[in-house]
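As you go down the protein sequences, you meet chains W and F in turn. According to the working numbering, the first sequence is numbered sequentially starting from 2. According to the working numbering, the second sequence is numbered sequentially starting from 2. Even for Gly, the Cβ is constructed at its ideal location relative to N, Cα and C. None of these values were measured; they are calculated from a predicted model. Taking it in order: structure first as structure tokens, then the write-up.
Protein chains: 2
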Amino acid sequence: MRWTWLNNQFVEEEKAVIGIHDLAIQRGYGIFDFFRTRNNKPLYLDDHLERFFHSATLMRLKPPQQKHELKAIIEQLIAKNNIPESGIKITLTGGYSTDAYTPATPNLIIQQQPVVFPKPEQYNKGLRLISHHYQRELPQAKSINYLMGVWMQEEVKNKGADDVLYYQNGIISELPRSNIFMITHEDILVTPVHNILHGVTRKHILQIAKNHFEIEERDISLDELYKAKEVFISSTTKKMLPVIEIDKNIIDGGIPGSCTALLFKEFRAFDEKESLK
Amino acid sequence: MRWTWLNNQFVEEEKAVIGIHDLAIQRGYGIFDFFRTRNNKPLYLDDHLERFFHSATLMRLKPPQQKHELKAIIEQLIAKNNIPESGIKITLTGGYSTDAYTPATPNLIIQQQPVVFPKPEQYNKGLRLISHHYQRELPQAKSINYLMGVWMQEEVKNKGADDVLYYQNGIISELPRSNIFMITHEDILVTPVHNILHGVTRKHILQIAKNHFEIEERDISLDELYKAKEVFISSTTKKMLPVIEIDKNIIDGGIPGSCTALLFKEFRAFDEKESLK
Numbered sequence: 002m003r004w005t006w007l008n009n010q011f012v013e014e015e016k017a018v019i020g021i022h023d024l025a026i027q028r029g030y031g032i033f034d035f036f037r038t039r040n041n042k043p044l045y046l047d048d049h050l051e052r053f054f055h056s057a058t059l060m061r062l063k064p065p066q067q068k069h070e071l072k073a074i075i076e077q078l079i080a081k082n083n084i085p086e087s088g089i090k091i092t093l094t095g096g097y098s099t100d101a102y103t104p105a106t107p108n109l110i111i112q113q114q115p116v117v118f119p120k121p122e123q124y125n126k127g128l129r130l131i132s133h134h135y136q137r138e139l140p141q142a143k144s145i146n147y148l149m150g151v152w153m154q155e156e157v158k159n160k161g162a163d164d165v166l167y168y169q170n171g172i173i174s175e176l177p178r179s180n181i182f183m184i185t186h187e188d189i190l191v192t193p194v195h196n197i198l199h200g201v202t203r204k205h206i207l208q209i210a211k212n213h214f215e216i217e218e219r220d221i222s223l224d225e226l227y228k229a230k231e232v233f234i235s236s237t238t239k240k241m242l243p244v245i246e247i248d249k250n251i252i253d254g255g256i257p258g259s260c261t262a263l264l265f266k267e268f269r270a271f272d273e274k275e276s277l278k
Numbered sequence: 002m003r004w005t006w007l008n009n010q011f012v013e014e015e016k017a018v019i020g021i022h023d024l025a026i027q028r029g030y031g032i033f034d035f036f037r038t039r040n041n042k043p044l045y046l047d048d049h050l051e052r053f054f055h056s057a058t059l060m061r062l063k064p065p066q067q068k069h070e071l072k073a074i075i076e077q078l079i080a081k082n083n084i085p086e087s088g089i090k091i092t093l094t095g096g097y098s099t100d101a102y103t104p105a106t107p108n109l110i111i112q113q114q115p116v117v118f119p120k121p122e123q124y125n126k127g128l129r130l131i132s133h134h135y136q137r138e139l140p141q142a143k144s145i146n147y148l149m150g151v152w153m154q155e156e157v158k159n160k161g162a163d164d165v166l167y168y169q170n171g172i173i174s175e176l177p178r179s180n181i182f183m184i185t186h187e188d189i190l191v192t193p194v195h196n197i198l199h200g201v202t203r204k205h206i207l208q209i210a211k212n213h214f215e216i217e218e219r220d221i222s223l224d225e226l227y228k229a230k231e232v233f234i235s236s237t238t239k240k241m242l243p244v245i246e247i248d249k250n251i252i253d254g255g256i257p258g259s260c261t262a263l264l265f266k267e268f269r270a271f272d273e274k275e276s277l278k
């Protein structure tokens with residue numbers, strides 16, 4: 002049996018329910034964050050909680066608990082569930098709205114589940130992306146609105162791709178659940194900075210990369226991306242994965258590149274260090 | 002006590018709950034429709050059910066019931082609740098997704114509640130709108146994603162306005178929950194046709210209006226709208242309301258106009274006729 006935190010108590014996951022008047026169900030309104038545990042230790046929790054509170058502020062929702070209270074709940078949840086390698090998701094909904102439109106006191110859900118990371122084969126195979134014209138609302142908030150990402154799955158599958166890359170006016174931004182990076186032929190690491198969710202893994206990769214590459218955080222056109230030397234994505238659950246094809250344009254001969262490999266190696270070491278802190 | 006239909010049974014409204022794994026809560030994924038009852042008779046039910054199934058198809062969700070089954074449930078709900086003047090909302094969620102991303106068997110919710118229509122004073126006062134650059138995803142689907150509309154409420158209030166009008170690339174589309182129309186100085190009724198939700202009230206207004214006005218369904222720029230002779234909006238709960246100000250541009254001297262009044266009179270007669278059918 003797994004436990005979930007709901008508002009002010011632990012409940013069995015299967016009994017964790019929300020009334021239909023919640024603004025998440027009525028209007029798709031809410032925010033969340035998601036982090037990993039390793040050996041029952043939360044990784045980069047401060048980064049994730051900081052972003053959680055930032056998303057809440059941007060979306061004008063007031064979390065019922067403060068940061069230190071959330072930390073205490075998360076600690077208890079980890080102890081009760083004992084899922085050493087897990088993902089923990091903290092969701093804050095729009096709450097029970099009396100007019101089904103105006104946010105009310107939010108509902109808070111903290112769920113934990115086992116997490117599966119990409120296998121080395123997946124890394125070696127690399128990802129195929131298709132691009133799609135779209136821009137998330139309030140991109141710096143990690144809102145629960147994934148309408149486009151969920152909806153695009155069918156097209157992604159039909160086109161033999163693995164995921165979708167959003168762009169607007171020719172400029173790329175992000176994948177539904179990942180950030181994107183490219184290495185230019187001049188060995189510069191470039192990643193979008195506008196209209197994206199600022200990923201925690203993205204932040205750490207930039208931290209690591211500055212010892213090896215010149216870094217540019219700026220707009221990237223689809224055309225520039227197609228011609229990159231290497232491309233990769235980052236996310237909490239995917240960590241880092243190479244991209245070998247975008248809209249049928251083969252990147253770097255279709256084989257994960259050496260710069261990505263170097264960064265991934267360093268990222269794993271960084272991760273190891275964090276988990277031993 | 003009010004009853005709600007949940008999947009395959011009637012439950013007390015306060016006990017109508019959804020598990021946290023539903024894709025509405027996890028990813029804001031779902032669709033709905035909303036119609037009125039008058040003297041315990043559903044109005045324009047076929048129009049609304051047709052749009053409900055159309056939204057479901059666009060969003061790749063499969064309603065568990067067919068149209069005639071939904072009609073039978075709605076009939077029972079109306080009889081059980083006995084709220085003669087009401088709004089009934091049918092919501093279809095993304096269902097209990099095992100990976101919190103892929104749609105599953107949807108949950109179906111049918112809620113009924115008393116409905117309050119705008120009073121004559123509100124009609125006479127007219128609406129003040131502010132414009133905002135935004136385009137809904139899959140605009141022809143009535144999805145539950147109202148992130149922008151819900152979020153904009155604070156700005157609308159701070160600017161002393163009543164609602165927000167979306168536009169993109171200078172072309173207007175719709176309000177979060179209403180369609181928009183203008184009457185030109187040449188007495189042509191114009192309303193956007195692209196990138197909008199096709200409202201049932203909008204459809205009936207166009208039907209009525211063709212006896213009185215030349216009609217154009219086409220793109221309208223914000224600039225053209227600012228200079229319109231009359232502007233009004235339509236929705237199931239608001240029916241028709243005049244707009245007297247947009248981004249501080251006063252429309253028609255700030256007084257609801259005669260063409261809008263004529264159409265509203267005819268709309269009420271049309272409504273009356275429907276409810277006696």
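Check, Outcome
"Along chain F, which residues have their Cβ under 7 Å away from the Cβ of threonine 202(W)?", "Those do not exist, as threonine 202(W) stays about 18 Å from chain F at its closest Cβ, beyond 7 Å."
"For a contact meaning CB atoms closer than 9 Å, what does leucine 139(W) contact in chain F?", "Leu148, Met149 and Trp152"
"Since methionine 2(W) meets chain F, which of its residues come closer than 9 Å, beta carbon to beta carbon?", "In chain order: nothing, as chain F lies at least about 15 Å away."
"Spell out a yes or no on whether the stretch 89-107 of chain W and the stretch 209-225 of chain W are touching, meaning 3 or more CB-CB pairs, one atom from each, closer than 8 Å.", "no"
"Please report how far the alpha carbon of alanine 162(W) lies from the alpha carbon of arginine 129(W), in whole angstroms.", "5 Å"
"Which residue marks the beginning of the alpha helix (DSSP H) containing methionine 153(F), and which one marks its end?", "148-159"
"Anything in chain W within Cβ reach of threonine 237(F), meaning under 8 Å, just list it in chain order.", "Near threonine 237(F) there are no residues of chain W at all, since even the closest Cβ is about 13 Å away, more than 8 Å."
"Quick check for students: name the residue ranges of the alpha helix (DSSP H) that lie wholly in the stretch 196-252 of chain W, counting only runs of 4 or more.", "201-210 and 223-227"
"May I ask whether a heavy atom of the ligand GTP can be found less than 7 Å away from the beta carbon of asparagine 212(F)?", "Of ligands this structure carries none, so the ligand GTP is not represented either."
"At what residues does the beta strand (DSSP E) containing aspartate 164(W) begin and finish?", "164-169"
"Comparing the C-beta of threonine 92(W) with each C-beta of chain F, is any distance below 8 Å?", "yes"
"Counting contacts by CB-CB distance shorter than 8 Å, is arginine 37(W) in contact with chain F?", "no"
"Report all residues from its chain with a CB closer than 6 Å to the CB of glutamate 246(W); omit the five preceding and five following residues, and keep chain order.", "Arg129"
"What is the rounded straight-line gap between the Cα of glutamate 51(W) and the Cα of leucine 7(W)?", "20 Å"
"Which residues of chain F have a Cβ atom closer than 9 Å to the Cβ of glycine 161(W), listed in chain order?", "By Cβ distance, chain F contributes nothing, its closest Cβ being about 18 Å from glycine 161(W), past 9 Å."
"How many angstroms separate the CA atom of alanine 210(W) from the CA atom of leucine 198(W)?", "19 Å"
"Decide if lysine 228(W) is buried, meaning its Cβ has at least 16 other Cβ atoms within 10 Å, or exposed.", "exposed"
"Are the stretch 118-129 of chain F and the stretch 108-127 of chain W in contact at 8 Å, needing three or more beta carbon pairs?", "no"
"Would you say methionine 1(F) reaches chain W, if we count a Cβ-Cβ gap shorter than 8 Å as a contact?", "Chain F is shown only over 2 to 278; residue 1(F) falls outside these bounds and no answer can be derived."
"Near asparagine 146(W), what residues of its chain come up, given a Cβ to Cβ distance below 8 Å and the 5 sequence neighbours on each side ignored?", "Gly29, Arg137 and Glu138"
"Please report the distance separating the alpha-carbon of lysine 42(W) from that of serine 276(W).", "7 Å"
"Just checking: is the beta-carbon of tyrosine 45(F) within a distance shorter than 8 Å of some beta-carbon in chain A?", "Here the protein chains are W and F, and chain A is not one of them."
"For chain W, is any of its Cβ atoms less than 8 Å away from the one on valine 18(F)?", "yes"
"Give a yes or no on whether the C-beta atoms belonging to phenylalanine 53(W) and threonine 237(W) are separated by under 8 Å.", "no"
"Mind checking whether alanine 57(F) and isoleucine 75(F) have CB atoms under 8 Å apart?", "no"
"Identify which residue in Phe11(F), Pro64(F), Val191(F) and Asp164(F) has its Cα closest to the Cα of leucine 78(F).", "Phe11(F)"
"Helix, strand or coil for leucine 130(F) per DSSP?", "strand"
"State yes or no: is the beta carbon of proline 257(W) nearer than 8 Å to at least one beta carbon in chain F?", "no"
"Verify whether the separation of the beta carbon atoms of valine 157(F) and glycine 20(W) is less than 8 Å.", "no"
"To the nearest angstrom, how far is the alpha carbon of threonine 261(F) from that of aspartate 272(F)?", "16 Å"
"Nearest CA to the CA of glutamine 169(W): which residue from Asn83(W), Asn108(W), Asn250(W) and Leu223(W)?", "Leu223(W)"
"Buried or exposed for isoleucine 252(F), going by 16 or more other Cβ atoms inside 10 Å?", "buried"
"Give the list of continuous alpha helix (DSSP H) stretches no shorter than 4 residues that lie fully inside the stretch 13-83 of chain W.", "24-28, 46-59 and 68-82"
"Assuming aspartate 34(F) contacts lysine 143(F) (C-beta within less than 8 Å), just tell me the rounded distance between them.", "6 Å"
"Sort Lys68(W), Glu86(W), Glu231(W) and Gly254(W) by Cα distance to glutamate 187(W) and report the nearest one.", "Glu231(W)"
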